[in-house]
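J.:
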Amino acid sequence: MTAGSVESTDVLIIGSGFGGSIPAYHLAAGGARVLVLERGPWLAAEEFDHDLRLGTSSTRVFEFVVGQGMSVLSGNCVGGGSVVYFAAMPRAPRFVFDRQGSIGHRLWPAAITRDALEPWYERVEEALPISQASWDTTTYAGGLWAAACDHAGRTCNPVPAAVDSDLCTNCNWMMSGCRFDAKRSLLLNYLPAALEHGAEIRPLHEVQRITRLADGGYRVHYNTVDEVDYRVVTGGGTVDAKVVIVAAGAGATPVILQRSEPALGTMPHAVGRYFSGNGERLNTAVIDEDKARDLLGLDRGDGRAYQAYQIGRGPTVASWDRLDGSRPEFERYSLEQLYFPPGLGTVLAQVPGADGPSWFGPGKKELLRDWKSWLTIFTMSEDDNEGVFGAPPPTGNANRFSQQMFGFGTISYEPTDNTLRGWEKSDADVREILEKDGLAEVLPWTNDVIGAYTVHPLASCRIGDDPATSALDDRHELRGHPGIFVTDGSAVPAGLTVNPAFTIAALAERAVPGIVAALRERGVQVVYGAPSPSGAAGGRRATREFARAAAR
Amino acid sequence: MEESSVERAPDVRTLTLEAFADTVIPGEKRWPGDRAIAGVSTGGGSVQAGALAVLEMPEGGMAPALDDVVAALNIHAEHHRDRVGLPTDEEVPPFTALPWADRTAVLNVLTAVGHPEKELWTGLALFCYMAFDTGAHLPTTEALAEGHPGLTLMRFETPDADGLWRFPDYSYRRPLSKLHPDTLENGSLK
Ligand SMILES: Cc1cc2nc3c(=O)[nH]c(=O)nc-3n(C[C@H](O)[C@H](O)[C@H](O)COP(=O)(O)OP(=O)(O)OC[C@H]3O[C@@H](n4cnc5c(N)ncnc54)[C@H](O)[C@@H]3O)c2cc1C
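Chains as they are written, first to last, in our numbering: chain H, 1 to 552; chain R, 1 to 190.
Structure below.
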C-alpha cells in the first residue's frame, strides 16, 4: 500500500466462515463494495492433504486454542469452519429457542423462534446444499450406533449433511479439508458467488482492532501473517469502512471487540461473556466384535462385524430421544456418532478400568490396539453459558505456541452443576446403550488434561432483547456501536443441543436485510434480494416479506 | 567408520526426553541396558515412534524450550527420588534413573489439575503421545510404509496407489433402528 493513501470499502468483513461468507455474497450481489479479511490461508481441493504430519493441511487450516478449563477447535482458513467441519446439518429443535439458561427469562430475542427461522434454514439448505441422509449412506460406525440404540429400545436418525454422497469416498479425512469437493464447504457456493459479484477476499490478514472515524465509519487494523509460521507478523495496514461485520468465530470475535474497547468506547457487558461450548462431551467405546455380530446381527459381508472406525465421514447418525421439550432444561442432548482422526481424536480417551493413569501409559497403548473397533459418541447438551474471556493477548485471539494450530487463549470455563448434570446424564445414557449385554466398554474423555473442549464455540457476543445479558440486538447490531454487526457463532444465544453451523448460517442469512438497511442509511446504493449462489430462487420467495420489513 | 563410545553415549537431553516419552506410551528396550526405555511393554512405544523428532520439529514450537524442560524435569525427579527414598544413580539423568512406576508417579503429579506447570508438562506429553498415534514428523504414507509402530499397532488402513484413502465399502446399507417419531421429511426434528 502506498504511504498516505487510505484504503476504503463499503463493508469490511472479518472472517470468511459462515458468518462472513453469507453476508459477503448477498452484499456484493446487492451492489456493495465488499472486502473480506481472513487470517488463515486460502486452499483449494488439491491442497487438502491426507496426512497427519504437522505442517500439512491438518494443521494449516486448523486452530486449537487451549484456555483455562476449555479448549476451542476451529477453522483457520478461507471458508473458516466449513472447510474443517463434518457437515452434519440438523435444525435446532423447537424447545431450544425457549431456553432460559440461568437468567430466568427467554434467551433468544422474541422475534426468533423455530418457525421464524424456518425460511432462513431453507435458504441455506438450498445454497450449500444440504442432502437428506439415508440408511444407504450411513457408515458402518453410524450403523453400529443405530443398531445399538435399537437394541436398547432407543431411536436413531440419519443426520442431514452438506455432503454430496456421489463424490464422497468415505475417507474420513474431512477435518483436513475435503480433497474430493464432496463436502459442501463455503468454498463451493457462497464464496465463489461473492467473488463473482466483485467481493475481494484477502487471506493471511488477521484483524486486530477497530477504531472509529469522525464520519461515523470505522477503521479496521490488521496484521499480515506468514503463510507457514502464523506467529510471524509480516506487515499490516488499515481499511476504512462504512459498516463492519465481525465474523471471526465465537473464539475470536469478542477478543477483537475487547481490544477495540479503548478506541470505540465501552462494550456491552455480554461481549466476551456467556460463552457456550454447545455442551460438548465425548465418550469412546471399544466394541466387542462378537457381540456386534451376535447381538446386533451386523456383518460387513466379509466375516467382519464392524472394525470400521476409520471408515466414513465424521458423524452420520444421532439419537435424538432426549431432545424432548418436556424434559427439564440442562437435561436435553443429542447423542451423535462421530469420528475424530488420531491425535486429537484419541488422546483424551480413557482406559476403562485403569488403576493407573487413564489417558497415557501401557493401558492406553492397549486401548489403541483395538482402535478399529472404537466407536465415539458425541454429546451436545445445554451448558450454562459459563465461559468468560480474559484480557486480550497481544495479537489475534491466542498466544500462538506452534507455527500452526496450537495456542493459548484467554477463555476460562468452569462448568456449573447444571452443565455437569447434563454431561453425567448423557454419559450414563451412552453407557446404558453401549454396555447393554456386554456390547462394549465405554468411558467419557477426560476433562483433566485440557479442560472441556468444543468444536462448536457459541454465544460470546450474543443476540437478545435484554441489554444486560446480550451484546447484540435482534438485528445483530452491536449495542451502542451502530454500523458494527456480528453474524457468526458468537451471536447464537446458547447451546443448541445439535450441530450449530446450520443455525449460525440461517441467522447470518436473516441478518442480511438489516445490514442492507444500515448501508443504505449510510448512502450506499445496495439492494437485497439475490437468489441462491447457485441461481435457484425458491428460498428467496419465502423470505421476501421479512426482508421488506427489515429494510424499512 | 569407527565411532568413539563417548560420541555414541546419549546426552542428558536425549536420555531424559526419551524416558519421558516412554512413560507416555511405553515400548520395549532397544538394546540390553537401554536405560531410557523402561521396558514395560512389547513392541515400539513413543520413543521408537519418533517422539524426539516430533519434539525437535520447528513446526511444533517445543524445541526452543527443551533444554529448560529437561532441567526442570530432572529437578522434579530428584525431589521425587529424595522424597520416596530412592538411591541416587549418577549413570543417567535423575528422571531416567527412576523406575517406571516412579516416572509415572512424577508424570501424574506434573499433569494433574491444579499443578502450576500443568500446561508445560501436558504439552510435552501431548507431543510424545502424538508421535505414537500419528507419526506427526512423517508424511503418513511414509510412516505406514516404514511400519511406524503406532499407526501399525492401530492397524491404520493403507491408502490407494495415489496416496489417498477411499473406502468403497462403507455401509451396512439397511435400516438399523426406528426413527424418532417427530422426524420431518427434511431429516430434522419437528
Ligand atoms: C472439526 C470440526 C468439525 C465440525 N463439524 C461440524 C458439523 O458437522 N456440523 C456443524 O454444524 N458444525 C460443525 N462444526 C462447527 C462449525 O464449523 C462452526 O460452528 C462454524 O464454522 C462457525 O461459523 P462461524 O462463522 O461462527 O465461524 P468460523 O467458521 O470459525 O469462521 C471464522 C473465521 O474467522 C477467521 N478469523 C478469526 N480471527 C480472525 C481475525 N482476527 N482476523 C481475520 N479473520 C479471523 C477464522 O480463521 C475463520 O476462518 C465443526 C467444527 C470443527 C472444528
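Built from N, CA and C at the ideal position, the CB exists for glycine as well. Computed from a predicted structure; not experimentally measured.
When you measure from the CB of H476 (chain H) to every non-hydrogen atom of ligand 1, does any distance come out below 7 Å?
T.: no
J.: Ignoring anything shorter than 3 residues, give me the beta strand (DSSP E) runs that lie fully in the region 13–53 of chain H, in order along the chain.
T.: 34–37
J.: Determine the chain R residues that contact S402 (chain H) at a beta-carbon separation under 7 Å, and present them in chain order.
T.: Those are E59, G60 and G61, listed as they occur along chain R.
J.: Would you say the region 183–191 of chain H touches the region 15–31 of chain H, given that touching needs at least three Cβ pairs under 8 Å?
T.: yes
J.: Report back the beta-carbon spacing between S470 (chain H) and S490 (chain H) to the nearest angstrom; my notes put them in contact at under 8 Å.
T.: Going by Cβ atoms, the distance from S470 (chain H) to S490 (chain H) rounds to 11 Å, so no, they are not a contact pair.
J.: Taking only three categories from DSSP, how would you classify G312 (chain H)?
T.: strand
J.: In this structure, does DSSP put K365 (chain H) in helix, strand or coil?
T.: helix
J.: Using the C-alpha atoms, what's the distance from S177 (chain R) back to L439 (chain H)?
T.: Near 16 Å, if we compare the C-alpha coordinates of S177 (chain R) and L439 (chain H).
J.: Please name the residue or residues paired with V157 (chain H) in a DSSP beta bridge.
T.: Reading the sequence as shown, one finds Asn at residue 157 (chain H) and not Val. Looking at the DSSP assignment, N157 (chain H) forms a beta bridge with H:A318.
J.: Measuring CA to CA, which of H:L296, H:R369, H:Y309 and H:T238 is closest to Y170 (chain R)?
T.: H:Y309
J.: Does the Cβ-Cβ distance between F48 (chain H) and S57 (chain H) come in under 8 Å?
T.: Pairing F48 (chain H) with S57 (chain H) gives a Cβ-Cβ distance under 8 Å.
J.: Could you spell out where the beta strand (DSSP E) holding L128 (chain H) opens and where it closes?
T.: No beta strand (DSSP E) holds L128 (chain H); DSSP gives it neither H nor E.
J.: Taking C-beta pairs closer than 8 Å, name the residues in chain A that V159 (chain H) reaches, listed in chain order.
T.: Within the model displayed, chain A is absent; protein chains H and R are what it includes.
J.: In chain order, what residues of the same chain lie with their CB nearer than 8 Å to the CB of R421 (chain H), ignoring the 5 residues before and after it?
T.: F330 and E331
J.: Does the distance from the CB of P393 (chain H) to the CB of N399 (chain H) come in under 8 Å?
T.: yes
J.: Relative to ligand 1, is the shortest distance from any of its heavy atoms to the C-beta of F485 (chain H) smaller than 7 Å?
T.: Remark: the C-beta of F485 (chain H) is outside contact range of ligand 1, defined as less than 7 Å to any heavy atom.
J.: Check each residue of the region 251–266 of chain H: if its Cβ is closer than 7 Å to any Cβ of chain R, include it; give the result in chain order.
T.: none
J.: Looking at the unbroken beta strand (DSSP E) that takes in K242 (chain H), where does it start and where does it end?
T.: V233 to V246
J.: Am I right that C168 (chain H) and R313 (chain H) are in contact with their C-beta atoms under 8 Å? What's the rounded C-beta distance?
T.: 6 Å
J.: Find out if the Cβ-Cβ distance for the pair E126 (chain H), G390 (chain H) is shorter than 8 Å.
T.: No, the Cβ-Cβ distance between E126 (chain H) and G390 (chain H) is not below 8 Å.
J.: When the distance is taken between beta carbons, is A199 (chain H) closer than 8 Å to A34 (chain H)?
T.: The sequence given here has Val at residue 34 (chain H), not Ala. Yes, these two residues count as a Cβ contact at 8 Å.
J.: Please report how far the alpha carbon of P315 (chain H) lies from the alpha carbon of R212 (chain H), in whole angstroms.
T.: 44 Å
J.: Report the option in H:L195, H:V233 and H:M174 whose CA atom is closest to the CA atom of G31 (chain H).
T.: H:L195
J.: 8 Å is my cut-off, CB to CB: does A3 (chain H) come that close to chain R?
T.: Confidence in A3 (chain H) is poor, its pLDDT being 49 and thus under 50, which makes the residue's placement unreliable; the coordinate value appears in the next sentence. It does not: the Cβ of A3 (chain H) has no partner Cβ on chain R nearer than 8 Å.
J.: Is it true that the CB of W374 (chain H) sits closer than 8 Å to the CB of V593 (chain H)?
T.: The displayed coordinates of chain H run from 1 to 552. Any statement about residue 593 (chain H) would go beyond what the structure contains.
J.: On the three-state DSSP scale, how would you describe P444 (chain H)?
T.: strand
J.: Just grab the DSSP bridge partners of I484 (chain H) for me.
T.: H:V244
J.: Our contact map puts I245 (chain H) next to T487 (chain H) with C-beta atoms below 8 Å; I'd like the distance itself, whole angstroms only.
T.: 6 Å
J.: Counting Cβ pairs, one atom from each stretch, are 3 or more of them under 8 Å apart for the region 65–82 of chain H and the region 405–412 of chain H?
T.: Contact holds: three or more Cβ-Cβ distances are below 8 Å.
J.: For the 8 Å Cβ check, are there 3 or more pairs between the region 40–48 of chain R and the region 57–77 of chain R?
T.: Judged by Cβ distances under 8 Å, the region 40–48 of chain R makes no contact with the region 57–77 of chain R, as fewer than three pairs qualify.
J.: Hey, R166 (chain R) and C171 (chain H): beta-carbon distance below 8 Å or not?
T.: yes
J.: Going along the chain, which residues of its own chain have a beta-carbon closer than 7 Å to the beta-carbon of K364 (chain H), five neighbours each way excluded?
T.: V351
J.: For R479 (chain H), which residues in the same chain have their Cβ closer than 8 Å to its Cβ, ignoring the five residues on either side in sequence?
T.: P268, P467, S470, A471, L472 and D473
J.: Could you compute how far the alpha carbon of L264 (chain H) sits from the alpha carbon of N283 (chain H)?
T.: 44 Å
J.: Express the C-alpha separation of W445 (chain H) and L86 (chain R) in angstroms, rounding to a whole number.
T.: Roughly 34 Å between the two C-alpha positions.
J.: Hey, is P362 (chain H)'s beta-carbon within less than 8 Å of any beta-carbon in chain R?
T.: Answer yes: the Cβ-Cβ gap between P362 (chain H) and chain R drops below 8 Å somewhere.
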